[in-house]
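Undergrad: Chains as they are written, first to last, in the working numbering: chain A, 8 to 455; chain B, 323 to 890. To start, I am sharing the structure in question, which I have written as C-alpha cells.
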Amino acid sequence: MKSLRSLTRRRVLRGMLAGSAVSVGLPILDCVLNESGTAFAADGAALPTRFATWAWPLGLGEDDWVPKAAGVNYELPTQMRALQPVKKKMNFFTGGQVFLDGQSNNVHFTGLQGLMTGKVANTREYLGSIDALVSEVIGRGTRFRSIEVACAGSPRDSWSARLDSGLQPAEVSPAALYKRIFGPDFQDPNAAEFTPDPDIMLRKSVLSGIKEERQALMSKLGAADKTKLDNYFTSLRELEQKLEVQLQKPQPLQACSRPATPLAQEKLALTLATEAVERHDLFAGLLAHALACGQTHVANLVISRPQSGLRRDGDATAHHTHTHEEQIDPKLGYQVTCRWFTNTYMDALRRFVSTFDAIKEGDRTLLDSMVVFAFTDHGSPRLHSVRNYPILTFGSGGGRIKTGLHIPRPGDQVTRVGLTIQQAMGVQVSSWGVGSNRVTSAISEVLA
Amino acid sequence: MKKTLDYGSGRGPGGRPGSRLVTGLVASVAQLALIAPVLAAAPAAGEVPMSWRLGPSQYRQSIAEIFGPSIVISGRFDPEYREAGLLTIGARTASISASGLERYGELARNIAEQVIDEQHRNTLFSCKPQSEDTSDDACAREFLGRAGRLLYRRALTQHELDAKVRLAGEVAGIRQDFYGGIAAVLSDMLLSPNFLYVYKTVERDPDDPQKVRLDGYSKASILSFFLWNAPPDDALLKAAESGELHTRRGLKRQVDRMLASPSLETGVRAFFSDMLGFSEFETLAKDPAFFPRFTPKVISQAQEQTLRTIVDVLLTSEGDYRDLVTIPRTYLTRSLAAVYGIPIADTTDNGQPEHWIAHTYPKDDPRAGILSHVSFVALHSPSGRSSPTDRGKALRELLLCQEVPSPPADVDFAVVQDTTSTVHRTVRERLLAHSTDATCAGCHKIMDPIGLALENFDAAGGYRTTENGAPIDTSGELNGTKFDGPVGLTKALHDDPALTSCAAMKAYAYASGRMPSRTDPALKELQSEFEDSDYNFVELLRQIALSEALYAVPPSAAPRPDVVTAAR
C-alpha cells in the first residue's frame, strides 16, 4: 500500500517518458469558428471570457471631470478626450467612494484596499482583489491563472492579490515576460502537431516529493504557520496545474500569433512617465497576444506606484509632488503639469484598449470578449480624497455588459462597481465588501 | 569584554571559502533515528507566525555556503515586504505567491543542474555511483542525506530520506542517468517549504513538563541567520543535535564562536542593509539630465560605501555605535568621489573594477557619518530633487525608531504650492508655508527641521550651497537641540539617547522577528547593557544572542504541552 503512490508515479513516468510520447495531429479544419465567430463550430463552446485591470496613479486631477449627463448621450470631459475613439466600448463610473469606517487613511493605499478588496483595515492587509476573484472563475485551466506587469520598474507595483496567497508580484521587464510566456515552454495552439514535453511530465511528477512532506510538516506547526503552509500548497497546486495544462493539447485559437521578441532593456527602474508608457505599450502587445493565444485569461497592468515618482522630461519634480504642490491655474482652472500626466496616461489607456480591439476573433474583437477595469488610487489626489473615484471599464465581456454609458452614483459605495463586474464575469456572488463598503446589489443598468 | 577580531581589509563578506557540502558533514543513521519521534510531534495551536520566508540574501547565502560560491543564481525572487520597519519582520507573514513559486522552481532547477554538472559533481559528491547510467541508492542516500540536512537545517527523518532516495532512483532509472535523478530530487528540496521557510518548532521542556521550549534546530537557525545571515553550519547543527544549545555554557560557546567568525561581517551587513532600507535601491533611479554621474554603478557602490564604513567602525575598530553618524572616515571609489565632488587619486585602469580607497574628511567638512552618504541622502530623495520631509521621516523611522503618522484624508494642501514662486525659492521657504497649516504642521515639525539640515546634499548626494540661486539655510532642530548644518545635526544625533536605544530595539526585533514594545523588560535590559558596553555593537549582538527572550515561545503561539513530544 505504501508504494501505491510511487508505483503510480513510476508507471506515469515510465509510460510517458520511455519512448511513448504522444503526437496528436490537430484537426484544424474541424475547429474553425462558427459563422458569427462567437463559438467553436466543432463543439459549440463559446470563446473564453477575459479580464484585465489597468491601474494609473493619482486620479484625473483637480478640476471637475464628471460628465454632465448620465447614460449614453454624454460628452467626455477634456481630461478624457483621448478616450473618444473607444467611448462606445467604454463605461465611465463616477461618484463612488470608499468608506473608512473609522480606520485611518493610509494615503494612496487605504482607498485602493477598499476599492479592490472591499475591505478597509488599519493594517496592510490586502487579500482577494477583484481580478483574483474573477480569475478564480475564468483563470483556471489556462497556463497562467493571471499575469501581472508593472511599467515603472518595481515588482511590488501590483494590486492583484489572491484570497489565500496574497499579492502577486509583477513582471517588470517585457523581455522577461516574453520569455515566460512565449519562450521554450510555449505551445502554439494552432500547431499541426502536439507532443507533450517529457521534461514537463517529469517536472510535474517529481513535485509529488514535496507534497509527501506536507503532513509531517503540518503536524509540527502552530495555526498561523499552518495557514502560511496552506498558502504555499495552494501556490504549488497552481504550479502543478500550469504543468498539467502544458501537457494537454491546446484548443486552437484563430487569433493567436507569436509576437515579436522585445529587446532586453538594461534599465528597469524608470523615472520618466514617457518611458513608462513606452514600456506599457510593449506590455500591452504581449498581454494581448497572451490572451489571444489562451495562455491566460486575466492580465493586470500597473503604470507605477500610486505615489508616483515619474516625472516629465526636464522637470525635477515628480507627479506625486506636483499633485500636492502645483498651483491650480486660475485662468485654466486646473493643475497644468498634473494634467499633462493625466493626458499621458489616458492616451496610454486608449492604446491599451485599442491593442485588444485590433485583434479579430471572428467578426468580433478580443476586446469584445473581455472587460478591462481601469482604476486609480484617489478621487482627488491633491486632497488624498477617497471620494468620487473615477473608474472605467472597456469591452462587453462577451456580451455580458452593456457599454457606452456614464453611470454617476455620487456618494455610493465604489464597491458596487466591483460587485457588478464580478457578477458580469461569472463570479457567483450576491454581496461584496465589509462594513459600510458592503453592497448587496449590482448596478443593473450595465448588466446585459 | 573585548575580543580580537581580524577583519582584514582585503576580505570580502562570508570569508568561508568552498562549500559546507565539500567539507564532509555526515549525519549518522543513529542521529536520524533520534530525531524521528520529535518530528512526529502533535499540532501546535497559536496565532503568531513563528516561521519566516527565507529572504533573497538568505537564499543566496544558503546556496553559496552549501554548494559553494561558484553556483550562479540568476533569477528574481518574490519581492520582500517591510513591516514595522524591517523586511525580517515582513518575512514572518510573507506567503509565496503562485508566480513566485514558478520563479523559485526555475531557480531550483537551475541550481540543481549546476550542482550535478561536471565542474561541481566531483567536489560536492563524496561517492561515485557504480554506474552513471542508472540508480545507485547508496550514493544517492549519502549525498541527499548530507545536502538535505544543510538545506532543511535539520537532519532528514529516515522516512523522508527513504522517499527521496526512492524518487531519485525512479528518475535515474527512467532517464538512465544517476545524476539526473539527483538533480530532480535536489530541485524538489530547493522548492520545498522545508527550505524556503525557516521553521521554529517546539518540544516539551524537560525541566518543566508543563511548558514547551524551542527545539535545538530552531535555536540554531535563529542564531545563525541573526549573526551570519546564513544557515547553521555543521558545528551548530551538531550543537543542536547534542542538546548543547539548551545549556547556558553550550549556548555561550557557540555564540562566542560565531561572533569570532569572519561570517559575522555578512550578518552585520545584512542587518544594516535591512535597517537602513537598502532594498529600496533596487528601484532607485535618478534623472541623468540632472545627475549625470549617478549611474547604476554608483547605486551599487553607495550601499557598499556605507556597509564598509559600518564594518570599519563596529567590527574592525570595535568602536562606539554612535560614531556611525559622526565618523569623518569612509571609503570611496572613483565613481562615488565624482558624485560627491571629492578629488581622490585612483590609478585603476579604465574597464577594471574600481578600487576602494579610504578617505577621511578634513575637520569642518560638511560631510561626516553615514547620513551624508549617497545611501541616505539620495535613497531618501525623489528622482529629480531633494525632499527634506522624506529625509526627516527616514531618519526618524530608521535610526530613532520614531514613527511618523500618515497624512489624513481630504486635507487641502493649497498652502504648499508654487515651486516656481519668486518668493519661495528654496524648499525651506516652501515648507515653512506648509507649516502654517495646523493639520500638516504637527507631523512636518518633526520631519522637516531634520531634513532641512541635510539640504546641502542634493537628490543624488552632491554638495551644494544654493538652490534656484538662493542660499540654502541649513539650521535645524532635533528634539529641542538647535544646530546649524549637517555636521551640527549629526552631533545632536550622536548625543540623542534615541539613537542607541533604537539600535538595540532594531537589532532585537531583527533577531526575534517581532518588534518589542518599548517597555519590554528584555529590551530595557539590552539597552542598559548596550550603554554599559560603551555602545559596542558586537556586545549588543552577544547579549541578544544569549538572552532568554530570543528563544521564548510567544504565549499565543504556545501549544499545549501535552500534545508536544518530549525533548530528546
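Think of the CB as a built atom: it goes at the ideal place given N, C-alpha and C, for glycine as much as any other residue. Since the structure is predicted, the reported quantities are computational estimates derived from the model, not experimental observations.
On the three-state DSSP scale, how would you describe A469(B)?
TA: Of the three classes helix, strand and coil, the one that applies to A469(B) here is helix, per DSSP.
Undergrad: Should L307(B) and L721(B) be called a contact, given that it needs their Cβ atoms to be closer than 8 Å?
TA: What the structure shows of chain B is the stretch from 323 to 890, and residue 307(B) is not part of that stretch, so it cannot be assessed.
Undergrad: Does the beta-carbon of L339(A) have 16 or more other beta-carbons within 10 angstroms, so that it is buried, or is it exposed?
TA: Classification for L339(A): exposed.
Undergrad: Buried or exposed: which applies to T479(B), given that a residue is buried once 16 or more other Cβ atoms fall within 10 Å of its Cβ?
TA: T479(B) should be labelled buried.
Undergrad: Where does Y519(B) sit, in a helix, a strand or coil, going by DSSP?
TA: In the structure shown, Y519(B) sits in a strand (DSSP, three-state: E or B).
Undergrad: Does the contact criterion of 3 or more C-beta pairs under 8 Å hold for the stretch 494-510 of chain B versus the stretch 450-460 of chain B?
TA: These segments touch.
Undergrad: Which partner residues does W347(A) have in the DSSP bridge list?
TA: W347(A) pairs with nothing; no bridge assigned.
Undergrad: Give me the Cα-Cα distance between E251(A) and G173(A), rounded to the nearest whole angstrom.
TA: Their Cα atoms are separated by approximately 23 Å.
Undergrad: Could you tell me if Q264(B) is buried or exposed, where buried requires 16 or more neighbouring beta carbons within 10 angstroms of its beta carbon?
TA: Because chain B here runs from 323 to 890, residue 264(B) falls outside it and cannot be looked at.
Undergrad: D439(B) CB to nearest chain A CB: under 8 Å?
TA: Judged by the 8 Å Cβ criterion, D439(B) is not in contact with chain A.
Undergrad: Mind checking Q532(B): buried by the 16 CB within 10 Å criterion, or exposed?
TA: Flag for Q532(B) reads exposed.
Undergrad: Count the C-beta pairs between the stretch 540-554 of chain B and the stretch 468-487 of chain B that are closer than 8 Å, then say yes if the count reaches three, no if not.
TA: Touching, yes.
Undergrad: State yes or no: is the C-beta of A177(A) within less than 8 Å of the C-beta of V305(A)?
TA: Cβ distance not < 8 Å, so A177(A) and V305(A) don't count as in contact.
Undergrad: Are D232(A) and T281(A) close, meaning C-beta to C-beta below 8 Å?
TA: Result no, Cβ atoms of D232(A) and T281(A) do not sit closer than 8 Å.
Undergrad: Assuming N801(B) is part of the alpha helix (DSSP H), what are its boundary residues?
TA: Here N801(B) belongs to no alpha helix (DSSP H), and DSSP marks it neither H nor E.
Undergrad: Do V493(B) and L107(A) have their C-beta atoms closer together than 8 Å?
TA: No, they are not a contact pair.
Undergrad: Relative to chain A, which residues along the stretch 586-611 of chain B have a C-beta separation below 9 Å, given in chain order?
TA: Result list: E604, T605, L606, A607, K608, D609, P610 and A611.
Undergrad: Establish whether the CB of L361(B) and some CB of chain A are separated by less than 8 Å.
TA: Residue confidence is low: L361(B) scores 28 on pLDDT, short of 50, so the model does not pin down where it sits. Its coordinate-derived value is still stated next. Answer yes: the Cβ-Cβ gap between L361(B) and chain A drops below 8 Å somewhere.
Undergrad: I think G66(A) touches G425(A), with their Cβ atoms under 8 Å apart; what is that distance to the nearest whole Å?
TA: 18 Å between Cβ atoms; not a contact.
Undergrad: For the alpha helix (DSSP H) that contains R571(B), what are its first and last residues?
TA: From DSSP, the alpha helix (DSSP H) with R571(B) extends over R570 to A582.
Undergrad: Report the partner residues of F240(A) according to the DSSP bridge assignment.
TA: Paired residue(s): none; F240(A) is not in a bridge.
Undergrad: Is L693(B) near V647(B), with beta carbons less than 8 Å apart?
TA: Yes.
Undergrad: Count the other CB atoms within 10 Å of the CB of V436(A); is the residue buried (16 or more) or exposed (fewer)?
TA: The residue in question, V436(A), is exposed, as its Cβ has fewer than 16 Cβ neighbours within 10 Å.
Undergrad: Exposed or buried, D458(B), counting other C-beta atoms within 10 Å across all chains shown (16 or more means buried)?
TA: Buried.
Undergrad: Against chain A, with Cβ distances strictly below 8 Å, would V370(B) count as a contact?
TA: Yes, its Cβ sits closer than 8 Å to a Cβ of chain A.
Undergrad: Can you round the beta-carbon distance between T788(B) and I794(B) to whole angstroms, since I take them to be within the 8 Å contact cut?
TA: That pair is a contact at about 6 Å.
Undergrad: Assuming Y426(B) is part of the alpha helix (DSSP H), what are its boundary residues?
TA: It spans A420 to V437 - the alpha helix (DSSP H) in which Y426(B) sits, taken as one unbroken run.
Undergrad: By the criterion of Cβ-Cβ separation under 8 Å, what are the contact partners of I217(A) in chain B?
TA: Residues of chain B passing the Cβ test: D510, L513, S514 and P515.
Undergrad: Can you tell me where the alpha helix (DSSP H) holding P550(B) begins and where it ends?
TA: First, the amino acid is wrong: residue 550(B) is Trp here, not Pro. G538 to W550 is the span of the alpha helix (DSSP H), which, as asked, contains W550(B).
Undergrad: Which runs of the beta strand (DSSP E) spanning at least 3 residues fall entirely within the stretch 627-673 of chain B, listed in chain order?
TA: Complete beta strand (DSSP E) runs here, min 3: 651-654.
Undergrad: Starting from the C-beta of V726(B), find all residues in its chain whose C-beta is less than 7 Å away, skip the five residues before and the five after it, and write them out in chain order.
TA: Same-chain partners within the cutoff: K715, R718, E719, C765, I768 and M769.
Undergrad: Against chain A, does K486(B) count as a neighbour if the rule is that its beta carbon must be under 8 Å from one of theirs?
TA: Yes, its Cβ sits closer than 8 Å to a Cβ of chain A.
Undergrad: Strictly under 8 Å for the Cβ-Cβ distance: is P819(B) near chain A by that measure?
TA: Not closer than 8 Å to any Cβ of chain A, the Cβ of P819(B) fails to qualify, so no.
Undergrad: Can you check whether the CB of Q342(A) is closer than 8 Å to the CB of H327(A)?
TA: No.
Undergrad: Name the chain A residues whose beta carbon is nearer than 7 Å to that of D400(B)?
TA: Result: P176.
Undergrad: So that I know if they touch, is there some Cβ in chain B lying closer than 8 Å to that of K235(A)?
TA: True, the Cβ-Cβ gap to chain B drops below 8 Å.
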